[in-house]
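Here is the structure we will look at, set down as structure tokens.
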Amino acid sequence: MSKGFSLAGLLRLRHLQQELAAGELSSARGRLDENSLGIERARIALGATSTDVTSTAVLYAVAAGRASLRSTLSDLTALDGQLQGDADAAAAAFADARAQTIGLEKLEQKHAEGVAADELKAEQDALDELASTAWHRDTEGTES
37 MSKGFSLAGL
47 LRLRHLQQEL
57 AAGELSSARG
67 RLDENSLGIE
77 RARIALGATS
87 TDVTSTAVLY
97 AVAAGRASLR
107 STLSDLTALD
117 GQLQGDADAA
127 AAAFADARAQ
137 TIGLEKLEQK
147 HAEGVAADEL
157 KAEQDALDEL
167 ASTAWHRDTE
177 GTES
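Counted the way our numbering counts, the sequence shown spans residues 37 to 180.
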């Protein structure tokens, strides 16, 4: 019977941590993409405002609308910087979790290779013993 990998529980934990970090990274990138879409929409809306001014009231409304869109665009741009920082932090956390997992995976692979080598050696020893016993029996039977 082969000996199990003694750090299997820790490896499962590292895989869970890696999956959690991957989920957080995906979520952060999704928020960043969504905000980028909002910025693009605000820019399009700002460029598409009507310039047909027929009265002072329309001029005030257009100016207020453009000021509001500029303010929204400014807020979205500031949020974009924060979301980019969040995404960078999530990427670093994922890279760290992945590095910890890789180290344990390499240990598990070495363990599996060692167990396989031990099993092959035990099998070879058993075959050698069988062959040696059969040879001794054959040589004793021919000498009599």
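Yeah, the Cβ is synthetic: ideal placement off N, Cα and C, and Gly gets one too.
Since residue 43 is in the alpha helix (DSSP H), which residue starts that stretch and which ends it?
-> Note, residue 43: premise wrong, no alpha helix (DSSP H); not H, not E.
When the distance is taken between beta carbons, is residue 64 closer than 8 Å to residue 122?
-> yes
With 16 other Cβ atoms within 10 Å as the buried cut-off, status of residue 54 | buried
Whether residue 126 touches residue 76 by CB criterion (8 Å) | no
So, helix, strand or coil for residue 166, using DSSP?
-> helix
Does the stretch 109 to 124 come within contact of the stretch 89 to 96, defined as at least 3 CB pairs closer than 8 Å?
-> no
Since residue 68 and residue 119 are thought to touch, with beta carbons under 8 Å apart, how far apart are those beta carbons, to the nearest angstrom?
-> 4 Å
Does the beta carbon of residue 75 fall short of 7 Å from some heavy atom of the ligand ZN?
-> Looking for the ligand ZN in the displayed structure turns up nothing, as the structure carries no ligands at all.
How about residue 78 and residue 49: do their beta carbons lie closer than 8 Å?
-> no
Look up residue 108 in the DSSP assignment and say whether it is helix, strand or coil.
-> helix
Would you kindly work out how many angstroms separate the C-alpha atoms of residue 71 and residue 117, rounded to a whole number?
-> 10 Å
CA-to-CA distance, residue 47 to residue 141, given in whole angstroms = 7 Å
Alpha-carbon spacing of residue 148 relative to residue 167, whole angstroms | 28 Å
Cutoff 8 Å; reference residue 115; Cβ partners in own chain excluding five residues on either side = 71
Specify the secondary structure class of residue 175 as computed by DSSP and reduced to three states.
-> helix
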